[in-house]
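Structure, as structure tokens:
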Amino acid sequence: MTFIGNKSDLRVVGTRPVRPDGVDKVTGRAVYGADATMPGQIIGKVLRSPHPHAKIISIDTSKAEKLPGVKGVITSADIPNIPSEEAFVGEGPMNFRDLSLNCMARDKVLYEGHVVAAVAAINDAVADAALKLIDVKYEILPHVIDVEEAMAPGAPILHDNLFTAGVTPKPTTASNVAKQVRFTIGDVEAGFAQADVIVEQTYTTAPVHQAYIEPHACVAAIAADGQVLITASSQGHFMIRAYTAKLLGIEIANIRVTNAEIGGGFGGKTVVYLEPLAVALSKKSGRPVKMTMTREDVFRGTGPTSGGTIYVKVGATKDGKITAAQTIIKLQAGAFPGSPINPALMCAFAMYDLANVDTLGYDVVSNRPKVAAYRAPGAPISSFAAESAIDDLARKLGMDPIDLRLKNAAKQGSKTVYGVTHGVIGYEEVLNAAKAHPHWTAPLGKNQGRGVATGFWFNIGGESTGGVFINEDGTASVVTGSPDIGGSRASMAMMAAEVLGIPYEKVRAVIPDTASIGFTHVTGGSRVTYATGMAVTQAAQAVVEDLKKRAAMIWDISPEAVEWKDGEAVPAGANAGGFDPLPLAAIALKAAKTGGPIGSEISVNAQGAGPGFGAHICDIEVDPETGHSTILRYTAVQDVGRAIHPSYVEGQIQGGAVQGIGWALNEEYIYNKKGHMDNAGFLDYRIPVASDLPMIEAVLVEVPNTRHPFGVRGVGEVPIVPPMAAVRNAIRGAIDLEMFHLPMSPPRIRAAVDAAKAPKAAE
Amino acid sequence: MPTVVISGSSCRDFTHGESEFEVAATTFRQLIRELEQRFPGLGEHVEEYMAIAIDGVIYQDAYHAPLKPNSEIVLIPKIGAG
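Protein chains in written order, with my numbering: chain R, 9 to 771; chain H, 104 to 185.
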């Protein structure tokens, strides 16, 4: 693969053209999941369990079925009882049987909000009335919400067939601990023995939701011949197709999925909740079925990311050389196994060049919704603890926290705890950019503090398909299988335009349905600009080669005698002939005469996505009377490899930082003693809004990834990793109190302030 | 010969604690087969749940990935994401 990312040579990549979906989105023309319709559609709704843990004794749907206007009612009896089958999806291993049981409970409900039945009716009112007529008899079981309580002896067991994996000998008693996993390099005990200073603390984080603004929605229809049509908002219409096929026993070729515009996903839309139910309801009713979640549905029925308990111990010599690091992490998986425990362990200290590291983790089920992926799954949780401890270590050593990080920074050749040796990475460049930024040395006022924290994410590649097709007038169409969540239509068009040598405005990118382009993995993992961009770039390069051959045909010379320059075919030299340049449009006009339509579609399984690093600086003011925190200034520095469209890259960084700030300061699931979520709405589950925050300044550091033609590194995950520790470290600077639990909400800060005052009051 | 390095506990369970050994494989596919022969169950485990880093570059579901004679091959869990 040729690296074509030398910045001085680029005309389109690195510029900031107008986003192609902007007009549709600001005028309301864009079709989101809830906007999609099918002729004759009816409304589907679900009945959710009011209990966090209970056996289903019986479900009587007869009254609901007799209600006028009801066209169908389904329970687990209408969903295939599929066997256990492990697969790697979203943020890690998952079992399709669990996915099926998460969509529709079979024998037990495992969390408040677990679906037990669904109806299809002619309108919302009838559907709501029908749900009330379904009689479910439960045998209520003891429940457990907290991760530590779920691990404790005598805890209510969610799954009788769940035995802790990763321990020897294999357990014979069922447990809520699904898995134990460990990564180790060196000898941490010897490392700690060399340390002059040690920091050792336990931190907790709360489960937080991705809080995408658009709730899940779909419309689905199955015809008499078994052909299924689905329109849904998701991070991958091929994912919707595959999972619906698997859960309902339908051949993939019989399902066609169109991806609606998506109002945010952040990992939470990499699994199915509604689509299999909508298809089953359509089969039952003979009509297309539309299903739309409310915000309350989203909170009660879909996956947040894990909360957890994180023990961290870090030791260093007096001069700031870290000699050992250790962490023990217990993560909530929700009702089924599959928390992001592996990446949590792998990322905790990946920013550092350490000889002795030990990380131990537990994947723990409890009576909460099954977790789903959320930006850099696991990394923000472990990094909150690790980067808080690193900051406290700097204080103990009397060192500048950036200098401490620089002294121990991972670089090319550094070995990680998971064994991989870093290649070309930009962590030191990021730290130096943060240190040189005026923000780092700006003055602070009373009750104000400054914190810094850093983060790492692997980034991934994977399967993608991209096509470039030349239209008759010389414009180009780009097609990909990647739903556009963060601006990929623009970046794909820009990469194609760069290779073709034509203006960005001459290229339009679209995302066709699953029957109209090759398989493409979900939009997630910061993989689209890397992997799908690779496919589009290769397709554009193939088109250029074809255009050169066609120009040669027109000139009646050898193809080797033709070069492609600035969107035109030109003779390679004087010996090739004295021809005038042939613009792309002129060649397109003669497409029929030179061999037919001009285009190329390339499928790749991209490997070698380069990891990303970020460093965030946060200024905060804390009101000690109320415990309220105000973010005064926030700067996020990140190695992005090469920014294709810098505005979109900055948007990713700003969005990740804002979500992390919400995670730090306010967001949490609040459960009452009955195991019910008490804050299932945006009034009580507080995410940051624009008026809460200053403009987040994004600083782009470009250390190109030479495995991508333009040097791209994924950018969407890294920016959510540092914020919680950056905010926490800033709070410590503001009020000189160590905080160990998220969120650092006003009541929790007030409590810390009061606790600190208490001994003084007693004196 | 390429050297396989294991840092995570999930694969060490198959190798009975052995964390570093040489292999004759020259591709990811051959590596899976060789691991299965030497440590029954490990090849299948790697096929389903693991990626490999070849000299620091991560390959996931890539049978064709070449292993050079002096390559360091690290078995790591597959990486997903949001």
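We treat Cβ as the ideally placed atom computed from N, Cα and C, and that holds for glycine.
Rounded to a whole number of angstroms, what is the C-alpha to C-alpha distance between residue i and residue j?
i: Thr239 of chain R; j: Ile478 of chain R; result: 28 Å
i: Glu506 of chain R; j: Gly575 of chain R; result: 9 Å
i: Leu166 of chain R; j: Ser347 of chain R; result: 15 Å
i: Ile155 of chain H; j: Phe124 of chain H; result: 15 Å
i: Glu151 of chain H; j: Asn103 of chain R; result: 12 Å
i: Val78 of chain R; j: Ile51 of chain R; result: 10 Å
i: Gly474 of chain R; j: Tyr319 of chain R; result: 44 Å
i: Val149 of chain H; j: Ile193 of chain R; result: 20 Å
i: Asn262 of chain R; j: Gly271 of chain R; result: 27 Å
i: Gly470 of chain R; j: Arg132 of chain H; result: 17 Å
i: Pro451 of chain R; j: Arg641 of chain R; result: 12 Å
i: Gly144 of chain H; j: Ile135 of chain H; result: 10 Å
i: Gly406 of chain R; j: Ile652 of chain R; result: 40 Å
i: Phe527 of chain R; j: Ser611 of chain R; result: 8 Å
i: Ser655 of chain R; j: Arg24 of chain R; result: 6 Å
i: Ala160 of chain R; j: Met359 of chain R; result: 33 Å
i: Glu437 of chain R; j: Lys423 of chain R; result: 18 Å
i: Ser174 of chain H; j: Ala173 of chain R; result: 31 Å
i: Gly369 of chain R; j: Met503 of chain R; result: 41 Å
i: Ile565 of chain R; j: Ala501 of chain R; result: 31 Å
i: Val160 of chain H; j: Gly616 of chain R; result: 5 Å
i: Met561 of chain R; j: Val476 of chain R; result: 21 Å
i: Val711 of chain R; j: Pro180 of chain H; result: 26 Å
Comparing alpha-carbon positions, which option in the options lies nearest residue i?
i: Lys145 of chain R; options: R:Ala38, R:Ala125, R:Val134, R:Ala688; result: R:Ala125
i: Gly741 of chain R; options: R:Gly532, R:Lys454, R:Phe11, R:Val648; result: R:Lys454
i: Asp154 of chain R; options: R:Gly604, R:Arg27, R:Val476, R:Leu339; result: R:Leu339
i: Leu289 of chain R; options: R:Ile258, R:Ala228, R:Phe621; result: R:Ala228
i: Lys682 of chain R; options: R:Val152, R:Thr45, R:Ser242, R:Thr634; result: R:Val152
i: Val726 of chain R; options: R:Ala198, R:Ala261, R:Pro351, R:Arg403; result: R:Pro351
i: Pro731 of chain R; options: R:Glu658, R:Val709, R:Arg758, R:Thr643; result: R:Thr643
i: Ser110 of chain H; options: H:Glu139, H:Val177, H:His119; result: H:Val177
i: Thr252 of chain R; options: R:Phe171, R:Leu107, R:Pro345; result: R:Leu107
i: Ile248 of chain R; options: R:Ala232, R:Pro223, R:Lys277, R:Gly273; result: R:Lys277
i: Thr537 of chain R; options: R:Gly649, R:Ala444, R:Gly431; result: R:Gly649
i: Thr545 of chain R; options: R:Pro215, R:Val487, R:Ile661; result: R:Val487
i: Pro58 of chain R; options: R:Asp43, R:His636, R:Gly121; result: R:Gly121
i: Gly273 of chain R; options: R:Ser534, R:Ser637, R:Thr522; result: R:Ser534
i: Ser293 of chain R; options: R:Ile230, R:Gln660, R:Asn674; result: R:Ile230
Under a Cβ-count criterion, where at least 16 other Cβ atoms within 10 Å of its own Cβ denotes burial, should residue i be classed as buried or exposed?
i: Ala770 of chain R; result: With a pLDDT of 48 at Ala770 of chain R, under the threshold of 50, the modelled position of this residue cannot be trusted, and the question is left open.
i: Tyr281 of chain R; result: buried
i: Gln235 of chain R; result: exposed
i: Ala168 of chain H; result: buried
i: Phe718 of chain R; result: buried
i: Thr540 of chain R; result: buried
i: Phe117 of chain H; result: buried
i: Ile221 of chain R; result: exposed
i: Gln420 of chain R; result: exposed
i: Tyr679 of chain R; result: buried
i: Met542 of chain R; result: buried
i: Asp366 of chain R; result: buried
i: Met153 of chain H; result: buried
i: Phe11 of chain R; result: exposed
Under the criterion of a Cβ to heavy atom distance below 7 Å, does residue i qualify as lining the ligand NAD?
i: Arg249 of chain R; result: This structure lacks the ligand NAD, and indeed carries no ligand of any kind.
### Message
Could you tell me which whole beta strand (DSSP E) segments of length 3 or greater appear in the region 614-701 of chain R?
### Response
The region 614-701 of chain R contains, as complete beta strand (DSSP E) runs of 3+ residues, the segments 620-630, 637-647 (chain order).
### Task
Run through the region 89-175 of chain R for me and flag every whole beta strand (DSSP E) of 3 or more residues, listed as ranges in chain order.
Within the region 89-175 of chain R, the complete beta strand (DSSP E) runs of at least 3 residues are 94-97, 100-103, 123-129, 143-148.
### Query
Would you call the region 454-474 of chain R and the region 619-632 of chain R in contact, with 3 or more CB pairs under 8 Å?
With a cut-off of 8 Å on Cβ pairs, the region 454-474 of chain R is in contact with the region 619-632 of chain R, counting three or more such pairs.
### Task
Determine, using beta-carbon pairs with one atom in the region 65-77 of chain R and one in the region 136-143 of chain R, whether at least three such pairs fall under 8 Å.
They touch, by the three-pair rule.
### Task
Write down every uninterrupted run of the alpha helix (DSSP H) in the region 112-161 of chain H whose length is 4 residues or greater and which is fully enclosed by it, in chain order.
The region 112-161 of chain H contains these whole alpha helix (DSSP H) runs: 112-118, 131-141, 145-152.
### Message
Ignoring anything shorter than 4 residues, give me the alpha helix (DSSP H) runs that lie fully in the region 579-614 of chain R, in order along the chain.
### Response
Listed in chain order, the complete alpha helix (DSSP H) runs (minimum 4 residues) inside the region 579-614 of chain R are 592-597.
### Query
Can you list the alpha helix (DSSP H) stretches of 4 or more residues lying completely in the region 351-410 of chain R, in chain order?
DSSP runs (the alpha helix (DSSP H)) wholly in the region 351-410 of chain R: 387-405.
### Message
Using 8 Å as the cut-off, can you tell me whether the region 30-42 of chain R makes contact with the region 80-95 of chain R, which would need three or more C-beta pairs spanning the two stretches below that distance?
### Response
As far as the Cβ criterion goes, the region 30-42 of chain R does not touch the region 80-95 of chain R, which means the pair count is below three.
### Query
What runs of the beta strand (DSSP E), each 3 residues or longer, lie entirely inside the region 435-496 of chain R?
Segments of the beta strand (DSSP E) lying fully in the region 435-496 of chain R: 456-465, 470-478, 484-488.
### Query
At what residue ranges does the region 270-308 of chain R contain a whole run of the alpha helix (DSSP H), taking only runs of 4 or more?
With a minimum length of 4 residues, the unbroken runs of alpha helix (DSSP H) contained wholly in the region 270-308 of chain R fall at 283-293.
### Task
Kindly provide the ranges of any alpha helix (DSSP H) runs that are 4 or more residues long and lie completely inside the region 216-279 of chain R, ordered along the chain.
For the region 216-279 of chain R, the continuous alpha helix (DSSP H) assignments of 4+ residues that do not extend past its boundaries occur at 245-256, in sequence order.
### Query
Contact between the region 571-587 of chain R and the region 690-698 of chain R: three or more CB pairs below 8 Å?
Result no; under three Cβ-Cβ pairs closer than 8 Å.
### Query
Do the region 325-333 of chain R and the region 368-382 of chain R meet, that is, are 3 or more Cβ pairs less than 8 Å apart?
Touching, no, given that fewer than three Cβ pairs across the two stretches are closer than 8 Å.
#### Entry: Cβ contact (3+ pairs, closer than 8 Å) linking the region 206-214 of chain R and the region 390-397 of chain R
Below 8 Å, enough C-beta pairs join the region 206-214 of chain R and the region 390-397 of chain R to call them touching: three or more.
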